[in-house]
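Peer 1: I'd like to ask some things about the structure below.
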Amino acid sequence: MSDRTLAPLGRRLVELTQAKQVGAYRLMTCCDPDGPLPQAGQFYMLCATDGWGGGEQERPFLPRPYSYLRASGENSELSFIFEDVGPGSHVLGSLQPPAKLWLMGPLGIGFWRPDDDRRALLVGGGIGLAPLAAWQTELADQANAVALLGFRGTAHADAAHLLRDPQIATDDGSVGHHGLVTELLESELDRDSHATVYACGPPRMLEAVRLLCERRAIPAQLAMESTMACGFGACFGCVVPTRDGYLRLCVDGPVIDAARVQTALEGSDQ
Amino acid sequence: MSDRTLAPLGRRLVELTQAKQVGAYRLMTCCDPDGPLPQAGQFYMLCATDGWGGGEQERPFLPRPYSYLRASGENSELSFIFEDVGPGSHVLGSLQPPAKLWLMGPLGIGFWRPDDDRRALLVGGGIGLAPLAAWQTELADQANAVALLGFRGTAHADAAHLLRDPQIATDDGSVGHHGLVTELLESELDRDSHATVYACGPPRMLEAVRLLCERRAIPAQLAMESTMACGFGACFGCVVPTRDGYLRLCVDGPVIDAARVQTALEGSDQ
Amino acid sequence: MSLGSPGPAAVDFCGLSLAGPIINGSGTFDAIAALRVFGDGLLEAFPFDAYVSKTITLAPRQGNRPPRLWEAGAGLINSIGLPNKGLEGYLRDDLPILTRLPVPLITNVMGHSHAEIGELVSTVGSYDQVAAIEINVSCPNVDSGLVMGADPAETAALVSHVRGLTNKPLIIKLTPNATDVAAVALAAQEAGADAVSLINTLRAMALHPKTSEPWLGGKTGGLSGPAVRSIALAQVYEVAQRISIPIVGIGGVQSGDDALNLLKAGATVVAVGTESFRDPTAGSRIGAELAAISRKERE
Amino acid sequence: MSLGSPGPAAVDFCGLSLAGPIINGSGTFDAIAALRVFGDGLLEAFPFDAYVSKTITLAPRQGNRPPRLWEAGAGLINSIGLPNKGLEGYLRDDLPILTRLPVPLITNVMGHSHAEIGELVSTVGSYDQVAAIEINVSCPNVDSGLVMGADPAETAALVSHVRGLTNKPLIIKLTPNATDVAAVALAAQEAGADAVSLINTLRAMALHPKTSEPWLGGKTGGLSGPAVRSIALAQVYEVAQRISIPIVGIGGVQSGDDALNLLKAGATVVAVGTESFRDPTAGSRIGAELAAISRKERE
Ligand SMILES: Cc1cc2nc3c(=O)[nH]c(=O)nc-3n(C[C@H](O)[C@H](O)[C@H](O)COP(=O)(O)OP(=O)(O)OC[C@H]3O[C@@H](n4cnc5c(N)ncnc54)[C@H](O)[C@@H]3O)c2cc1C
Ligand SMILES: Cc1cc2nc3c(=O)[nH]c(=O)nc-3n(C[C@H](O)[C@H](O)[C@H](O)COP(=O)(O)OP(=O)(O)OC[C@H]3O[C@@H](n4cnc5c(N)ncnc54)[C@H](O)[C@@H]3O)c2cc1C
Ligand SMILES: Cc1cc2nc3c(=O)[nH]c(=O)nc-3n(C[C@H](O)[C@H](O)[C@H](O)COP(=O)(O)O)c2cc1C
Ligand SMILES: Cc1cc2nc3c(=O)[nH]c(=O)nc-3n(C[C@H](O)[C@H](O)[C@H](O)COP(=O)(O)O)c2cc1C
Ligand code: FES
Ligand code: FES
Chain A
133 MSDRTLAPLG
143 RRLVELTQAK
153 QVGAYRLMTC
163 CDPDGPLPQA
173 GQFYMLCATD
183 GWGGGEQERP
193 FLPRPYSYLR
203 ASGENSELSF
213 IFEDVGPGSH
223 VLGSLQPPAK
233 LWLMGPLGIG
243 FWRPDDDRRA
253 LLVGGGIGLA
263 PLAAWQTELA
273 DQANAVALLG
283 FRGTAHADAA
293 HLLRDPQIAT
303 DDGSVGHHGL
313 VTELLESELD
323 RDSHATVYAC
333 GPPRMLEAVR
343 LLCERRAIPA
353 QLAMESTMAC
363 GFGACFGCVV
373 PTRDGYLRLC
383 VDGPVIDAAR
393 VQTALEGSDQ
Chain B
133 MSDRTLAPLG
143 RRLVELTQAK
153 QVGAYRLMTC
163 CDPDGPLPQA
173 GQFYMLCATD
183 GWGGGEQERP
193 FLPRPYSYLR
203 ASGENSELSF
213 IFEDVGPGSH
223 VLGSLQPPAK
233 LWLMGPLGIG
243 FWRPDDDRRA
253 LLVGGGIGLA
263 PLAAWQTELA
273 DQANAVALLG
283 FRGTAHADAA
293 HLLRDPQIAT
303 DDGSVGHHGL
313 VTELLESELD
323 RDSHATVYAC
333 GPPRMLEAVR
343 LLCERRAIPA
353 QLAMESTMAC
363 GFGACFGCVV
373 PTRDGYLRLC
383 VDGPVIDAAR
393 VQTALEGSDQ
Chain C
44 MSLGSPGPAA
54 VDFCGLSLAG
64 PIINGSGTFD
74 AIAALRVFGD
84 GLLEAFPFDA
94 YVSKTITLAP
104 RQGNRPPRLW
114 EAGAGLINSI
124 GLPNKGLEGY
134 LRDDLPILTR
144 LPVPLITNVM
154 GHSHAEIGEL
164 VSTVGSYDQV
174 AAIEINVSCP
184 NVDSGLVMGA
194 DPAETAALVS
204 HVRGLTNKPL
214 IIKLTPNATD
224 VAAVALAAQE
234 AGADAVSLIN
244 TLRAMALHPK
254 TSEPWLGGKT
264 GGLSGPAVRS
274 IALAQVYEVA
284 QRISIPIVGI
294 GGVQSGDDAL
304 NLLKAGATVV
314 AVGTESFRDP
324 TAGSRIGAEL
334 AAISRKERE
Chain D
44 MSLGSPGPAA
54 VDFCGLSLAG
64 PIINGSGTFD
74 AIAALRVFGD
84 GLLEAFPFDA
94 YVSKTITLAP
104 RQGNRPPRLW
114 EAGAGLINSI
124 GLPNKGLEGY
134 LRDDLPILTR
144 LPVPLITNVM
154 GHSHAEIGEL
164 VSTVGSYDQV
174 AAIEINVSCP
184 NVDSGLVMGA
194 DPAETAALVS
204 HVRGLTNKPL
214 IIKLTPNATD
224 VAAVALAAQE
234 AGADAVSLIN
244 TLRAMALHPK
254 TSEPWLGGKT
264 GGLSGPAVRS
274 IALAQVYEVA
284 QRISIPIVGI
294 GGVQSGDDAL
304 NLLKAGATVV
314 AVGTESFRDP
324 TAGSRIGAEL
334 AAISRKERE
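Chains as they are written, first to last, in this note's numbering: chain A, 133 to 402; chain B, 133 to 402; chain C, 44 to 342; chain D, 44 to 342.
Have a look at this one:
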């Protein structure tokens, strides 16, 4: 069996069916009748049909990678949630139904179930909640799975409702725990450390989770990010350093066994 | 006195107040409160604020020159009429009020009145009617001025009403004379050759007008076209050959005494 | 393609018979990774008429530190740094898989001395599966210090050295970062090359928006994509005026029109690079667009 | 600028004191034509801190046949062909008007031999109104056949020849179409140049969409604009590592950020070219953006 759900060859022109604001983020749903049901943690390369390959600094030019948030086999719906951080997400965020967009995927390797009975701890930082929401859905049979989400403040924490029963931490204390999501993780591990951690978030948060799990010998899977040009292993541009050398995040990730990761910081510009 | 109306230094952000289809052409009006009243035959460099510097082949990138059709001192309105022939005109043509656009001008040297009593024959081919409409307005005091306009067919001839009492010729005979506008010009000159010709249109038509006037020793002013990068004499890109060598159409034209022109064809890609 | 509609004409490219004129640029399409991502469907609708593998070197290479990518105006700057498994790894792991591709295989090699490149050429050339060898000469010769492909004499010496080591067609992939690319191409032809390919990426750079330090792990990188298209066209045109061996035209190709321009400028086949990143089936699309233009021209 | 807000810091550029670091690229702003179009308002809000005139040659030149322009992806290809009135016409017609500009005047010259360039330099240099001389070395030497600015020895020979002919600062405008631009820059410095400027346009081409013949009257042309920005940055950075004389950074500058990048890469002043075509006040805007960034950095 393949380690991943295969993508149909090439990109597909799909229609945007819904676009709305969720706090500080943009949630976008499109209809992808010709795509397979993806696995949580897999991603898609997206670009708009207009406004791509131009603009003030002539960017965006390349498509952008986005984890899917929800996928429904019934009505072929696929949702994404993202933040406006640059020209690509800006153009995507300004699309209104029934705009068309190009989409390729599902790509990469998602989260996988370990063959033990450890409970799942989902740890998200900001927009990192996207693949975790998908993973939580796939783990619906695990009653004791827990979701821990960290945000900057209220506007971002608005998106927390996209997961079931999350514990929340905010930098400014406006919602939930005043502090870091890794502090929530520490408490959960103190309570019961027979767990696997599934994490996604900004580099510094991922690195903190990685170190924490390493110290406590907790298995962890990290959904990482890097700049991608192609998303299907063609350009060798998206590498992250691992104990076995550089690894292309788009084909050998984005979810990686934390034990293989040397640092979740390198290549990041933070 | 200057040979032209000066342009304010730099480009201005103006608002589109009206955009509508006139047969095969697009008519666009904007409000330019900070610009002076231009002279018929002068032109403006236009570009949209969005969708410029990008797109499929990353074009348009440079602004595009357009003669003004009408200018009103009262409400600072400025109109242009144009055809969708490429990426620049396409983006401009898709703007809807209250879109903003960048405008620089008025630029170049327009038509001038000869110091004799010859009657004015305005000869336009297709979209070449734009500066002639402006010129007709300036010549309102000349009762015996005549406008002759040639078009491909009905859709284009729709724009003829932008001039007063034009005689019309169409290639397909659908409106007016079945044939070329130069045939109308021949008839008018046969009737009364004490005239000055003011012409604007595609290179082949201009060249036919030029040869005809040369043969009959009729003074003529030609509003010519060429590809422009800057419109204010900076790039030396817009030259046309004249008997005195190459001349920058944007600063020493676009209206040129036909006697100086060697050929209205060179530089054209037709 | 519907039955009866004539496919694109077969192309003779230095002895290889290709079903059409569209190939990939080395290092811009990893067929092995693509098989993992898209499955065997890739083999049924393979986007190219020949497959050029990523540059391999004698010893394995890690490649450059990330970040390796910078998006530029109408283009991409990369500093990948030629990561590869080395000759042995290529022959052991990759060749058996690449043999499954439905098109001829061109293997691209690079080395820092005549000896290294000679060994690569003679070894790779001894495999039946390899239809032709492309030599990437964009790197300095450790012996002379000169970039091999930037100097006519250097290039001639290299080609002369390796020419006798294989009967396979030898394609020299020129660097565009040279004063007189046509002189280098001519030297390659005179020394026995079967074809040249151009352009490779143009030396370029980006600074970190916050720190103003070089953004790329490799400091400088190479620019590709639409931004270099008109530079590629000029180089292909100039080279075509000077040589008679076939040319692989490369640089910023995104459409059938772009491909046609390179062919009209003198190329025999056209390689698609960066555009495959935006659309993995760009090769097929461009081939179809080109065929449609040719059909229209013939009508 | 509002009273009290500090203006951009004065810049010392090989002895010239400029009010700021933004000048124009030669051949991209004709101040005389601009005065006709915009009137004397241009003098009150002159967009540049020094004015570089279009290249002049000894004899008048018509320039190339049209078409001279092609719009490319994120850029412009021109084949203007250096039309100018010749030295005599420049001194007679242009110099008196250029003297009215409120900023130092840099006169750009080009010739096909040491003798020609020598005559231009010594004559132009004898005028008080001329603050500095820029030599455009992108053209072949009729004596050697080599492009003067593409070869270190050629450049050194030229600079040595003209160095003694004037006391004015000599700026060598390098060509980017060279294998090792930094070596050429170093040669210029060693032979006595006061500054180098780069980049000039990159050799590029376009074909007629219908006939597939070269579009431009001059067949090939030069690419400028955003497409070349990252190439310019790499060349300025590389040259700055090798020389100590000041650099005029040029290529695709559209914003204060772009200008800052060139300064951080090692330029002392920055020239705006193609962007002035889109917006004649681009120079002032870029200068203001740059000043705003510096103010912010200082806070
Ligand atoms: C597998 C994967 C899944 C992802 N899922 C999500 C998701 O679900 N939701 C979400 O919001 N984001 C997600 N991302 C991140 C997202 O892809 C990026 O934020 C997005 O590409 C930003 O594009 P942009 O054009 O808006 O911003 P950019 O301008 O590309 O800026 C983003 C970062 O790129 C760098 N950068 C700036 N300029 C350049 C340049 N010229 N060239 C290269 N890099 C530059 C800087 O580091 C900047 O901080 C995911 C990323 C990966 C790899
Ligand atoms: C003084 C003046 C006044 C004008 N007034 C009017 C007017 O009132 N109304 C009007 O409709 N038009 C007018 N024009 C013409 C108008 O400026 C052009 O049609 C317009 O620039 C077209 O831009 P585009 O992007 O739509 O088309 P483009 O794509 O620029 O195509 C127009 C022509 O440009 C050439 N071309 C194609 N590709 C390129 C390329 N990459 N680079 C350079 N050239 C290329 C071809 O010859 C093509 O036919 C005027 C022109 C001038 C000089
Ligand atoms: C990410 C990337 C990696 C590349 N790797 C190689 C390589 O390994 N060997 C090589 O000869 N050329 C390599 N190239 C150059 C391309 O094959 C091609 O010559 C160049 O990108 C220009 O074509 P394009 O504009 O269509 O991309 C690479 C280009 C890119 C963008
Ligand atoms: C239309 C045009 C004309 C030019 N003429 C000259 C010239 O006469 N002399 C010269 O040294 N450089 C000339 N250049 C080069 C510019 O000065 C500048 O080096 C180049 O355009 C790169 O800068 P940019 O990308 O900002 O335009 C010209 C460039 C353009 C676009
Ligand atoms: S994004 Fe291209 S190899 Fe991963
Ligand atoms: S358009 Fe630039 S000089 Fe006329």
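Quick reminder that beta carbons are idealized off the backbone N, C-alpha and C, glycines included. This structure is a prediction, so every number in the text was calculated from the model and none was measured.
Under a three-way DSSP split, which group does W234 (chain B) fall into?
Peer 2: DSSP places W234 (chain B) in strand when its eight states are reduced to three.
Peer 1: Can you tell me the Cβ-Cβ gap for L210 (chain B) and D164 (chain B), rounded? I've got them flagged as a contact below 8 Å.
Peer 2: That belief holds up - the Cβ atoms of L210 (chain B) and D164 (chain B) are roughly 5 Å apart, short of 8 Å.
Peer 1: Comparing the CB of A62 (chain D) with every heavy atom of ligand 1, is any distance shorter than 7 Å?
Peer 2: It does not: the Cβ of A62 (chain D) is nowhere closer than 7 Å to a heavy atom of ligand 1.
Peer 1: Mind checking who L213 (chain D) pairs with in its DSSP beta bridge?
Peer 2: According to DSSP, L213 (chain D) bridges with D:I176.
Peer 1: Under the three-state reduction of DSSP, which class applies to S203 (chain D): helix, strand or coil?
Peer 2: S203 (chain D) falls in the helix class under three-state DSSP.
Peer 1: Out of A:M356, A:A156, A:C362 and A:W267, point me to the one whose CA is closest to V393 (chain A)'s CA.
Peer 2: For V393 (chain A), the nearest C-alpha among the options comes from A:M356.
Peer 1: Within 8 Å of any Cβ in chain D, is that where the Cβ of R392 (chain B) sits?
Peer 2: Not one chain D Cβ lies under 8 Å of R392 (chain B).
Peer 1: For V280 (chain B) and V255 (chain B), which I take to be in contact (beta-carbon distance under 8 Å), what is that distance rounded to the nearest angstrom?
Peer 2: Just to set this straight, residue 280 (chain B) is Leu in the shown sequence, not Val. 5 Å between Cβ atoms; contact.
Peer 1: Is DSSP giving G377 (chain B) helix, strand or coil here?
Peer 2: Reduced to three states, the DSSP call for G377 (chain B) is strand.
Peer 1: Here's the rule I'm using: 16 or more other beta-carbon atoms within 10 Å means buried, otherwise exposed. How should K15 (chain C) be labelled?
Peer 2: This structure cannot speak to residue 15 (chain C), because chain C is shown only from 44 to 342.
Peer 1: My guess is that I65 (chain D) and V291 (chain D) are in contact by the Cβ rule of under 8 Å, so how many angstroms apart are they, rounded?
Peer 2: In fact, because the Cβ distance is near 11 Å, the residues do not count as touching under 8 Å.
Peer 1: Quick check: the Cα distance between V278 (chain B) and S319 (chain B), rounded to an integer number of angstroms?
Peer 2: Distance between the alpha carbons of V278 (chain B) and S319 (chain B): 12 Å.
Peer 1: Spatial neighbours of P212 (chain D) within its chain, please: C-beta separation below 6 Å, excluding the five flanking residues on both sides.
Peer 2: Answer for P212 (chain D): C57, G58, A175 and D237, listed in chain order.
Peer 1: Could you confirm whether any beta carbon from chain D is found closer than 8 Å to the beta carbon of G47 (chain C)?
Peer 2: Confidence in G47 (chain C) is poor, its pLDDT being 40 and thus under 50, which makes the residue's placement unreliable; the coordinate value appears in the next sentence. Not an interface residue.
Peer 1: Grouping DSSP H, G and I as helix and E and B as strand, with all else coil, what is F72 (chain C)?
Peer 2: Coil.
Peer 1: Find the nearest neighbour of A283 (chain C) within the set C:V80, C:A228, C:V271 and C:E114, judged by alpha-carbon distance.
Peer 2: It is C:A228 whose Cα lies nearest to the Cα of A283 (chain C).
Peer 1: Using 8 Å as the cut-off, can you tell me whether the region 337-354 of chain B makes contact with the region 384-393 of chain B, which would need three or more C-beta pairs spanning the two stretches below that distance?
Peer 2: With a cut-off of 8 Å, the region 384-393 of chain B and the region 337-354 of chain B count as touching, because enough Cβ pairs lie within range.
Peer 1: Sort D:A226, D:T209 and D:F89 by Cα distance to A199 (chain D) and report the nearest one.
Peer 2: Closest option to A199 (chain D), Cα to Cα, is D:A226.
Peer 1: So, A139 (chain B) versus G237 (chain B), is the Cβ gap smaller than 8 Å?
Peer 2: Yes; because the gap between Cβ atoms is below 8 Å, this pair is in contact.
Peer 1: So the candidates are D:V146, D:R108 and D:P103; which of them puts its Cα closest to the Cα of Y133 (chain D)?
Peer 2: The shortest C-alpha separation from Y133 (chain D) is found at D:P103.
Peer 1: Select from the region 252-282 of chain C all residues with a C-beta closer than 7 Å to any C-beta belonging to chain D, and list them in chain order.
Peer 2: If the cut-off is 7 Å between Cβ atoms, the region 252-282 of chain C has S255, T263, L266, P269, A270, R272, S273, I274, L276, A277 and Y280 near chain D.
Peer 1: Hey, does V80 (chain D) have any beta-carbon neighbour from chain B nearer than 8 Å?
Peer 2: Chain B contact via Cβ: present.
Peer 1: Start and end of the alpha helix (DSSP H) containing N304 (chain D)?
Peer 2: It spans G299 to A308 - the alpha helix (DSSP H) in which N304 (chain D) sits, taken as one unbroken run.
Peer 1: Let me know the alpha helix (DSSP H) ranges lying completely inside the region 76-114 of chain D, each 4 residues or longer, listed in chain order.
Peer 2: You should have 84-87.
Peer 1: So if I threshold CB-CB distances at 8 Å, which residues from the region 200-222 of chain D count as touching chain C?
Peer 2: Answer set for the region 200-222 of chain D: N220, A221 and T222.
Peer 1: Can you list, in chain order, the residues of the region 203-229 of chain A whose Cβ is nearer than 8 Å to any Cβ on chain C?
Peer 2: Here the close residues number zero.
Peer 1: Can you give the Cα-Cα distance for D135 (chain B) and C179 (chain B), rounded to whole angstroms?
Peer 2: Going by the C-alpha atoms only, they are around 26 Å apart.
Peer 1: For G47 (chain D), which residues of its own chain have a beta-carbon under 8 Å away from its beta-carbon, when the five flanking residues on both sides are left out?
Peer 2: The predicted position of G47 (chain D) is uncertain, since its pLDDT is 40 and thus under 50; a value taken from the coordinates is nonetheless stated next. Closer than 8 Å at Cβ, skipping near neighbours: no residue.
Peer 1: Does any C-beta atom of chain A lie closer than 8 Å to the C-beta of A314 (chain C)?
Peer 2: Judged by the 8 Å Cβ criterion, A314 (chain C) is not in contact with chain A.
Peer 1: Can you tell me where the beta strand (DSSP E) holding V255 (chain A) begins and where it ends?
Peer 2: R251 to G257 is the extent of the beta strand (DSSP E) around V255 (chain A).
Peer 1: In this structure, how does DSSP classify G330 (chain D) when only helix, strand and coil are distinguished?
Peer 2: Three-state DSSP puts G330 (chain D) in a helix.
Peer 1: Kindly indicate which three-state DSSP category K339 (chain D) falls into: helix, strand or coil?
Peer 2: Three-state DSSP puts K339 (chain D) in a helix.
Peer 1: Could you tell me whether the Cβ atoms of G106 (chain D) and Y378 (chain B) are closer together than 8 Å?
Peer 2: Contact: yes.
Peer 1: Which partner residues does T328 (chain B) have in the DSSP bridge list?
Peer 2: According to DSSP, which records beta bridges pairwise, T328 (chain B) is partnered with B:A252.
Peer 1: Could you round the C-beta distance between G265 (chain D) and A247 (chain D) to whole angstroms and report it? I think they count as a contact, below 8 Å.
Peer 2: Sure, about 6 Å apart at Cβ, within 8 Å.
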